[in-house]
Amino acid sequence: MTGKNTSAFDRGNGILLHISSLPGEFGVGNLGKSAFDFVDYLKKAGQKYWQILPMGPVSSGYFYSPYSSYSSFAGNKLFIDPETLQNEPWISGDILHGINTSENTDLSDFEQGEKNINLVLKEAEENFRNSSDLSIIESFRDFCSRNSYWLDNFALFEALSGYFNSMDWRGWDKGLKERDPNVLNNFRQKFEKEIGFSKFGQFIFFQQWEKLKEYSRTRGIKIIGDIPIYTGMDSADVWANTEIFQFDNNLEPEGVAGVPPDYFSQTGQKWGNPLYRWFDDEKPFEKTFEWWNKRIARLLEMVDIVRIDHFRGFESFWKIPPDKPDGAVGEWERGPGSELFKYIRKKSGVLPVIAEDLGIITEEVNNLREGEGFPGMKILQFAYDGHSDNPYLPENITDNNCVIYTGTHDNNTSMGWFNEEINDPETKKYIRSKLKIDNDEEFIWKFIEAAVTSRADISIIPLQDLLELGSEARLNTPGTSGNSNWRWRVSSNSLNKKNMERLKDLCISSGR
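See the structure below:
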């Protein structure tokens, strides 16, 4: 692609599956053998794309949600594969002793996974410090140098979060909160060991990720990554870059992110993320634009295509007073629009972007997306409301520059949706008629077929749908928190050959 996207991507089908949902015995899916095996599975199934969720570090405070990471640049060390690390030539001895493996792979055990990887990394770092392998030492130094623009602050943030037992940097000592250079230097010296450990973990994560990405490339599988538009208030990003966010002189937010009342919620939603300072005296604020340029560029070093969550926020965003309990009170504020993407293209080149444009979208948002040539999203579960002009119905998709999904990470599985959420007999009758099914056992494959045979350039099927799973396999329920979300995992024996071959045949017959 050159310049703005026209028809953005090759026609093809892909599977949505997050890294944490891969099978394995170390608590959480990781970048080891099961990830490489899954790439092979995709290849054998005739797939062209693998879509994942954000890969940033997560915490128990936000129930390990990938959309509540405390860094936009760092990787999630829970995805490091201990066995791959054990087999590195510079490792001597057994670094896996003392970790717990689990035969229960139906759900992610983030807590156990975190304990395991910390133990393994501690042992591995001791090996590294004592290593005579100059190549690995030089690789680490090069990694730290190339990534210093985010890594230095991230590692210090992790060290300080451990020291204060809190990521709420606004509650830290005044000198740290305001980033007094002398105070920062004192703490860098005080926590030199912890900072080194944090950087080492990032080094190992990106080593393993690069190997998986390269393997995916050789197998003809493109990876679609995900980037939330907002960052967490309690994050290294915000602490290190307060000037690009809307804070007052006391570093208190002038407004926070959310959405106004709509047909989903009478009170709107208050997310609480800090808002970007896009303009300074009506002129683009270059520091914010450059931070976004680096953020996009960093992710595009890791993946082939970027899906941007809540794309409408680039046109305008809902600003909520911090003291309000919900999103009912607020005001629209102008976003950066095409100026941001023009800036990024000038700095970094072509933008292979998918725009998440779900919900109530205005003409201005559509004009921005279409003007940039970014494909939007069509969700098949939203198509069957009985209205013949529903834009998500496959027959109404006239522009191929879009991505169609049976469902997303926020939806129920399609089987769960059809069996448990469609309670109106007339609606179910309408769905059966549209999909041309005689009995409900045919539903899931007719549903998948409707997506794959559509005009959309890319069709994406969550793995749960391919495996014909019900609501027990749902990954996330928006508006809820706790340990029920983000924990579903696939078992290795459920990746059956029959479904793989059926999907491959469907992709071949539909030109994917």
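Each residue of the sequence shown is one higher than the last, beginning at 192 in our numbering.
Every residue gets a Cβ at the ideal spot worked out from N, C-alpha and C, and that includes glycine.
What you are looking at is a predicted structure, and each value in this text was computed from that prediction instead of being measured.
Would you call residue i buried or exposed, if buried means 16 or more other Cβ atoms sit within 10 Å of its Cβ?
| i | result |
| --- | --- |
| GLY528 | buried |
| HIS600 | buried |
| TYR575 | buried |
| ASP231 | exposed |
| PRO669 | exposed |
| HIS578 | exposed |
| GLU349 | buried |
| SER700 | exposed |
| THR671 | exposed |
| LEU276 | buried |
| ARG320 | exposed |
| TRP636 | buried |
| PRO214 | buried |
| GLU506 | buried |
| GLN457 | exposed |
| MET432 | Before going further, note that residue 432 is Asn rather than Met in the sequence given. Flag for ASN432 reads buried. |
| ASP656 | buried |
| TRP724 | Nothing can be reported for residue 724, as the shown portion of the chain is limited to 192 through 703. |
| THR193 | Unreliable placement is indicated for THR193, whose pLDDT of 38 sits below 50; the coordinate value is still reported in the next sentence. When all chains shown are included, THR193 counts as exposed. |
| PRO245 | buried |
Are the CB atoms of residue i and residue j nearer to each other than 8 Å?
| i | j | result |
| --- | --- | --- |
| ILE415 | VAL541 | no |
| LYS474 | TYR340 | no |
| GLY673 | ARG202 | no |
| ALA221 | GLY247 | According to the sequence shown, residue 221 is Asn rather than Ala. No; because the gap between Cβ atoms is not below 8 Å, this pair is not in contact. |
| GLY526 | TRP469 | yes |
| SER521 | GLY449 | The residue you asked about is not Ser; residue 521 is Gly in the sequence shown. Result yes, Cβ atoms of GLY521 and GLY449 sit closer than 8 Å. |
| ILE435 | TRP509 | no |
| PHE301 | GLY223 | no |
| GLU133 | GLY362 | This structure cannot speak to residue 133, because the chain is shown only from 192 to 703. |
| LYS239 | GLY205 | yes |
| PHE480 | LEU531 | yes |
| THR604 | PHE638 | no |
Can you give me the C-alpha to C-alpha distance between residue i and residue j, rounded to a whole angstrom?
| i | j | result |
| --- | --- | --- |
| PHE331 | VAL429 | 26 Å |
| VAL594 | ASN356 | 42 Å |
| LEU490 | ASN687 | 32 Å |
| ARG678 | GLU663 | 11 Å |
| ILE290 | ASN318 | 17 Å |
| GLU445 | PHE382 | 32 Å |
| SER389 | ALA346 | 5 Å |
| ASP272 | ASP333 | 22 Å |
| PRO308 | ILE210 | It should be noted that the sequence gives Ile, not Pro, for residue 308. The straight-line gap from Cα to Cα measures roughly 15 Å. |
| LYS695 | ILE412 | 14 Å |
| LEU233 | PHE200 | 18 Å |
| LEU571 | ILE552 | 17 Å |
| GLN380 | ASP343 | 13 Å |
| ILE282 | LEU559 | 51 Å |
| ILE418 | HIS501 | 9 Å |
| GLY750 | GLU316 | Residue 750 is absent from the structure shown; the chain starts at 192 and stops at 703. |
| ALA519 | PRO451 | 6 Å |
| PRO653 | PRO516 | 34 Å |
| LEU660 | GLY607 | 8 Å |
| ILE487 | LYS538 | 11 Å |
| PHE590 | ASN377 | With the sequence shown as reference, residue 590 is identified as Asp, and Phe is not the correct amino acid for it. Using only the alpha carbons, I get a separation of about 57 Å. |
| ASN196 | ARG536 | Residue placement at ASN196 is flagged as unreliable, the pLDDT there being 44, under the threshold of 50; the coordinate-derived value follows with that caveat. Distance between the alpha carbons of ASN196 and ARG536: 11 Å. |
| SER682 | LEU403 | 20 Å |
| VAL311 | ILE286 | 6 Å |
| ASN441 | VAL447 | 16 Å |
| ASN278 | GLU405 | 19 Å |
| LYS313 | GLU305 | 12 Å |
Are the C-beta atoms of residue i and some chain C residue less than 8 Å apart?
| i | result |
| --- | --- |
| PHE573 | In the structure shown, chain C does not exist; there is a single protein chain. |
Please give me, in chain order, every unbroken run of the beta strand (DSSP E) with length at least 3 that falls completely inside the region 538 to 612. 544 to 546, 567 to 570, 593 to 596
Quick one: any contact between the region 246 to 260 and the region 417 to 428, if contact means 3 or more CB pairs under 8 Å? yes
Should the region 561 to 575 be called in touch with the region 542 to 550, which here means at least 3 C-beta pairs below 8 Å? yes
Any contact between the region 611 to 621 and the region 636 to 644? By contact I mean 3 or more CB pairs, one from each, below 8 Å. no
Beta strand (DSSP E) runs wholly inside the region 380 to 442, at least 3 long, in chain order: 413 to 418
Under 8 Å: do the region 581 to 594 and the region 646 to 655 share three or more Cβ pairs, one atom per stretch? yes
Whole alpha helix (DSSP H) elements within the region 299 to 385, 4-residue minimum: 301 to 320, 325 to 337, 339 to 355, 365 to 368, 372 to 381
Fully enclosed by the region 266 to 294, which alpha helix (DSSP H) runs are 4 residues long or longer? 273 to 277
Which parts of the region 476 to 537 are runs of the beta strand (DSSP E), unbroken and 3 residues or longer, counting only runs that do not cross its ends? 496 to 499, 507 to 511, 522 to 525
Run through the region 212 to 250 for me and flag every whole beta strand (DSSP E) of 3 or more residues, listed as ranges in chain order. 240 to 242
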